[in-house]
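For reference, the structure discussed in these notes is given below.
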Amino acid sequence: MNDALGSLPPLPSPASDTCIMYLIRHGATSFNLGDPPRLQGRKVDLPLSEQGERDAASLARFLASISINQIFSSPLQRAMQTAEIVARDRELSVVPIEALLEVDVGEWEGKDWGTIQRENPAAYKEFMQDPASNSYAGGESLIDVHRRAAPALRELLTSHLGRRVAVVAHNVVNRVFMCECLGFALSEARRIHQDNCGVNIVRFREGKSKAITVNATFHLGKY
């Protein structure tokens, strides 16, 4: 099977009116791997865990045979580290984009959902009912995230026609943009699962972004 895969020809470049984006969630940190996991927005800037580094290496191997013209990333450490591992064997530098910072989770930074529900049940209930309009306590709503992140991602797509780009961002950032690509309302964003080092493939053509693949994880041994 490996020999057969190795004999496949390289993918042709996208057409001159098309951009292909590999939109990736960063590798896992200690907060992601906690039991239960803890929220990390933009204030806690943790590095990758050992598992996160291993998964990022698996991601890099998965993408190794694909010609990628540029790699972009959220400036947070966990995203930049993931992007740099992908870029390591390519003659590319990682370009940070401030608009791709993870959602500001405000007062809930570093807490797990069970603790949040016990400490602030009313705000928790409102957020779970409609996270698009109701903010993380003292932080952003999904509408806020979409307003800053989606234009930046659209700009990358429109300015890289005929090319492939990789973007390493975050759970909430990816979810809100994939809502746009899938035609979902932002209030449904939590339905879109994003694993650490999961890959979404977005095709931009004729002014429209379409989700081709959502949260591929087979390179991590997850199905």
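First residue of the sequence shown: 76, per the working numbering; consecutive thereafter.
Glycine included, C-beta positions come from ideal geometry on N, C-alpha and C.
Just so we're clear, the structure is a prediction, and the values are computed from it rather than from any experiment.
Buried/exposed call for residue i, threshold 16 Cβ in 10 Å
i	result
His-268	exposed
Pro-206	buried
Arg-239	buried
Glu-215	buried
Ile-141	exposed
Pro-89	buried
Ala-241	buried
Ile-160	buried
Met-203	exposed
Leu-86	exposed
Ala-244	buried
Glu-173	exposed
Ala-135	buried
Glu-177	buried
Gly-282	exposed
Ala-158	buried
Ser-284	buried
DSSP state of residue i mapped onto helix, strand, coil
i	result
Asn-275	strand
Gln-115	coil
Ile-143	coil
Ser-234	coil
Asn-290	strand
Arg-153	helix
Ile-191	helix
Ser-262	helix
Ser-88	coil
Ser-133	helix
Lys-297	coil
Met-76	In this prediction, Met-76 has a pLDDT of 37, which is less than 50 and means its spatial position is unreliable; what the coordinates show is noted afterwards. Coil.
Lys-285	strand
Arg-69	Outside the modelled stretch of the chain, which goes from 76 to 298, sits residue 69, for which no answer is possible.
Glu-182	helix
Ala-212	coil
Gly-127	helix
7 Å CB neighbourhood of residue i in its chain, flanking five on each side removed
i	result
Lys-118	Glu-184
Gln-192	Tyr-199
Ser-124	Ala-103, Thr-104, Ser-105, Leu-108
Glu-263	Cys-254
Same chain, Cβ closer than 8 Å to residue i, five either side skipped, listed in chain order
i	result
Thr-93	Leu-236, Gly-237, Arg-278, Phe-279, Arg-280
Asp-270	Arg-100, Asn-290, Thr-292, Leu-295, Lys-297
Pro-122	Thr-104, Gln-152, Arg-153, Gln-156
Asp-130	Gly-102, Ala-103, Asn-271, Cys-272, Leu-295
Val-251	Leu-217, Val-220, His-221, Ala-224, Ala-225, Leu-261, Ala-264
Leu-333	Only positions 76 to 298 of the chain appear in this structure, which leaves residue 333 out of reach.
Residues bridged to residue i [DSSP beta-bridge criterion]
i	result
Cys-94	Arg-238, Phe-279
Val-170	Phe-147
Ile-218	None; Ile-218 has no bridge partner.
Val-243	Ile-99, Ser-148
Integer Cβ distance of residue i from residue j, believed to fall under 8 Å
i	j	result
Leu-98	Asn-246	Not a contact, Cβ separation roughly 12 Å.
Ala-224	Val-248	5 Å
Leu-167	Ala-227	With 8 Å as the limit, Leu-167 and Ala-227 do not qualify as a contact, their Cβ atoms being about 19 Å apart.
Residues of its chain near residue i, where Cβ-Cβ distance is below 6 Å and the 5 sequence neighbours each way are ignored
i	result
Ala-162	Ile-146, Val-169
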